[in-house]
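J.: Have a look at this one.
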Ligand SMILES: Nc1ncnc2c1ncn2[C@@H]1O[C@H](COP(=O)(O)OP(=O)(O)OP(=O)(O)O)[C@@H](O)[C@H]1O
Ligand SMILES: [Mg+2]
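Chains as they are written, first to last, in our numbering: chain A, 24 to 356; chain B, -15 to 238.
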């Protein structure tokens, strides 16, 4: 159908791990590119990677299962707070802290998924907002564990693998985050092509039809939510470890809305779309907000309108269509 | 008990509208039964009640002797009670092959697998290739469902039903919307089913009914007014009256 999926299909046949390899190569390339573009702002790239994991996480439930949510930052934020507290409490080994984030995210994902996927359509959307707001309110109130509006600070993890200290230029943070992103992305590339992933796409297309082939829809959606929570948890953990602080912004409504915008921008229901949407949006935002601090929101708005008008199914689909057009023309000539 | 499916005094009402009333019948292994009746008689509603989409207002359903009246849809499907839809319901963004493959994988319990690639399963592939081939749509395997013609989607709907290895197969107007010259493929596919499964087919086309059915049920105004051979059905005065009524109704606005 799209250029992307035919590409993936042909490469499937050529080599069993072609898609996975393409994932690693792409992320490495993006990392190098980022390093060349923003050599003095690795902290920004590191933050970008954390958010990208949240966008990927959102894609699992929104893109692959059709769940409408505007409260996804809750999964990210709860994990970030859990990791922050664990680190302050004495668990300072980075890999272990990632594990803390994954567990916290999975539990938060399973609980909120169990509530949200009971409903459909607008009630579902409203419930997701309510859960997000509840978590944000709790983060504000429970200042003994979250630091309230001051944020949770003093998060100083040990060196990665006992070798690489988190330095003030964010070099370690950046490389560590990039490697984690590559691992998660490759695992997800495989996961979404599994029979389970295919069933989730079926449920998104037609819930009743999925039941009529014998599938229990609700438990599947809750499982997917838990997986999505785990991915968001990795993002939250990276964010807490590399920034050293966790603020209220990590559970905010704005965060939830922004990642949804990035996903739609890139193309929901496609991991590559989520990846590119997140990267393009955040780099655009970063550049524009630096060069034009007064009107950058206007420019971001204009970009979004342009994309919705010219590539309504997201950047990744638009690029795929363009690619196949050029490719076909080249083939004929 | 040799009955595969048994309905006892099944009724379903929507508010005051009694769409199915006191319906009792049995399906035995090997049955090929046609369910006919005028538009709005309650045929689709009956299939909804049997398949679990709608709870009956009263009455009981048994499958192979077990009470299934309170079972959910997936549980009934796993016991072999399978239906198709009158208005096609498919996974619109997946390919034709993936639609059938998903049904096969679900039946085999493979959809609990998280890290094996769905397209790498040779026996699933052999099976969907065979099914699509039987219905003459093998060449459409790689096409996304939303891009298929409606008649092709109808055949795919049937392919999904067959992929679930049904014991009881309920077909809601499988030939409606299928181009006339392709309709025989539906009968051929049904004829190739294992002899011991029961098929109940709702159908308006009497040619198809005569070729397919050994027994005919007639539903009119929510009641079963006739059960017998296809030869007897045309002669029955009640059936004639029910159909004449609807025929006259259909003519009236003109
Ligand atoms: N969910 C529902 N709520 C209210 N009324 C319904 C519902 N489903 C069906 N009905 C009504 O029940 C009656 C029977 O509908 P049904 O679809 O079962 O008829 P049918 O015999 O399948 O007709 P057709 O031959 O046109 O497919 C109709 O009057 C319909 O309006
Ligand atoms: Mg009907």
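We put the beta carbon where it would ideally sit given N, CA and C, even for glycine.
Who does residue 183 of chain B pair with in a DSSP beta bridge?
T.: Beta-bridge pairing links residue 183 of chain B to B/16, B/153.
J.: If we cut at 7 angstroms on Cβ distances, does residue 242 of chain A have a partner in chain B?
T.: So, not an interface residue.
J.: Apart from the five residues just before and just after residue 333 of chain A, which ones in its own chain have a Cβ nearer than 8 angstroms to its Cβ?
T.: These residues qualify, in order along the chain: 341.
J.: For residue 43 of chain B versus residue -7 of chain B, is the C-beta spacing smaller than 7 angstroms?
T.: Going by C-beta atoms, residue 43 of chain B is nearer than 7 angstroms to residue -7 of chain B.
J.: Would you call the CB atoms of residue 124 of chain A and residue 249 of chain A closer than 7 angstroms?
T.: For residue 124 of chain A and residue 249 of chain A, no; Cβs fall outside 7 angstroms.
J.: Of all the CB atoms in chain A, is at least one closer than 7 angstroms to the CB of residue 40 of chain B?
T.: Chain A contact via Cβ: absent.
J.: By the three-class DSSP mapping on this structure, what secondary structure does residue 356 of chain A have?
T.: Because the pLDDT at residue 356 of chain A is just 35, under 50, the model does not fix this residue reliably, and the value given afterwards should be weighed accordingly. It is coil, neither helix nor strand.
J.: Mind listing the chain A neighbours of residue 87 of chain B? Cutoff is C-beta to C-beta under 7 angstroms, in chain order.
T.: Within 7 angstroms Cβ-Cβ: 236.
J.: Out of curiosity, what's the CA-to-CA distance linking residue 110 of chain A and residue 239 of chain A?
T.: Roughly 39 angstroms separates the two Cα atoms.
J.: State the CB to CB distance for the pair residue 170 of chain B and residue 235 of chain A, rounded to an integer number of angstroms; the pair is presumed to be in contact (CB under 8 angstroms).
T.: Their Cβ separation, rounded to whole angstroms, is 19 angstroms, which puts residue 170 of chain B and residue 235 of chain A out of contact at 8 angstroms.
J.: State yes or no: is the beta carbon of residue 94 of chain B nearer than 7 angstroms to at least one beta carbon in chain E?
T.: Absent from the structure: chain E. Protein chains present are A and B.
J.: Can you grab the Cα-Cα spacing for the pair residue 70 of chain B / residue 31 of chain B, in whole Å?
T.: Taking the straight line from one Cα to the other gives about 10 angstroms.
J.: So, helix, strand or coil for residue 43 of chain B, using DSSP?
T.: Reduced to three states, the DSSP call for residue 43 of chain B is strand.
J.: Tell me which residues share the same chain as residue 180 of chain B and place their Cβ nearer than 7 angstroms to its Cβ, disregarding the 5 neighbours each side in the sequence.
T.: So the qualifying residues of the chain are 13, 14.
J.: Would residue 3 of chain B count as contacting chain A if we go by Cβ distances under 7 angstroms?
T.: Cβ-Cβ to chain A under 7 angstroms: no for residue 3 of chain B.
J.: Does DSSP classify residue 212 of chain B as helix, strand or coil?
T.: Residue 212 of chain B falls in the strand class under three-state DSSP.
J.: Just checking, does the stretch 98 to 106 of chain B make contact with the stretch 202 to 217 of chain A on the three C-beta pairs under 8 angstroms criterion?
T.: Touching, per the Cβ criterion.
J.: Can you tell me whether residue 79 of chain B is helix, strand or coil according to DSSP?
T.: Of the three classes helix, strand and coil, the one that applies to residue 79 of chain B here is strand, per DSSP.
J.: Who are the near neighbours of residue 286 of chain A in its chain, counting only those whose CB is closer than 6 angstroms to its CB and skipping five residues on each side?
T.: Excluding positions up to five away in sequence, the list reads 78, 81, 82, 297, 300.
J.: So, is residue 138 of chain B buried or exposed, given that buried needs 16 or more other C-beta atoms within 10 angstroms?
T.: Looking at its Cβ environment, which holds 16 or more other Cβ atoms inside 10 Å, residue 138 of chain B is buried.
J.: By how many angstroms is the C-alpha of residue 64 of chain B removed from the C-alpha of residue 149 of chain B?
T.: The alpha-carbon atoms of residue 149 of chain B and residue 64 of chain B are separated by roughly 7 angstroms.
J.: Is the stretch 176 to 185 of chain A touching the stretch 260 to 277 of chain A in the sense that three or more CB pairs, one from each, lie closer than 8 angstroms?
T.: The stretch 260 to 277 of chain A, when compared against the stretch 176 to 185 of chain A, does touch it at the 8 angstroms Cβ threshold.
J.: Quick one: grab the DSSP three-state call for residue 116 of chain A.
T.: Residue state, collapsed to three classes: coil.
J.: Taking all protein chains shown into account, do 16 or more other C-beta atoms lie within 10 angstroms of the C-beta of residue 48 of chain A, making it buried, or fewer, making it exposed?
T.: Exposed.
J.: Give the DSSP-derived three-state secondary structure of residue 11 of chain B in the structure shown.
T.: Residue 11 of chain B: strand per DSSP, three-state reduction.
J.: Return helix, strand or coil for residue 98 of chain B, following the three-state DSSP convention.
T.: Looking at residue 98 of chain B - three-state DSSP - the assignment turns out to be coil, as it is neither helix nor strand.
J.: Whole angstroms are fine: how far does the CA of residue 128 of chain B sit from the CA of residue 129 of chain A?
T.: Each residue's alpha carbon lies about 33 angstroms from the other.
J.: Against chain A, which members of the stretch 50 to 61 of chain B pass a CB distance test of less than 7 angstroms?
T.: Taking 7 angstroms as the Cβ-Cβ cut-off against chain A, the residues of the stretch 50 to 61 of chain B that qualify are 57, 58, 61.
J.: With 7 angstroms as the limit, tell me which residues of the stretch 132 to 159 of chain A have their beta carbon closer than that to any beta carbon of chain B; keep them in chain order.
T.: Taking 7 angstroms as the Cβ-Cβ cut-off against chain B, none of the residues of the stretch 132 to 159 of chain A qualify.
J.: Flag residue 3 of chain B as yes when its Cβ comes closer than 6 angstroms to any non-hydrogen atom of ligand 1, and as no otherwise.
T.: For ligand 1, at least one heavy atom lies less than 6 angstroms from the Cβ of residue 3 of chain B.
J.: Using a Cβ-Cβ cut-off of less than 7 angstroms, give me the residues of the stretch 121 to 150 of chain B that come near chain A, in sequence order.
T.: Flagged, chain order: 128, 144, 148.
J.: Tell me which residues share the same chain as residue 118 of chain B and place their Cβ nearer than 7 angstroms to its Cβ, disregarding the 5 neighbours each side in the sequence.
T.: Contacts found: 173, 176.
J.: Whose Cβ in chain A lies nearer than 8 angstroms to the Cβ of residue 97 of chain B?
T.: Within 8 angstroms Cβ-Cβ: 217, 218, 219.
J.: Give the interface partners of residue 70 of chain B over in chain A, defined as CB-CB distance under 8 angstroms, in chain order.
T.: Within chain A, no residue comes near residue 70 of chain B; the closest Cβ sits about 13 angstroms away, beyond 8 angstroms.
J.: For residue 191 of chain A, decide whether its Cβ has a neighbour in chain B, counting only Cβ atoms nearer than 7 angstroms.
T.: Taking Cβ atoms only, chain B never reaches closer than 7 angstroms to residue 191 of chain A, which makes this a no.
J.: State yes or no: is the C-beta of residue 68 of chain B nearer than 6 angstroms to some heavy atom of ligand 2?
T.: Not under cutoff, so the answer is no.
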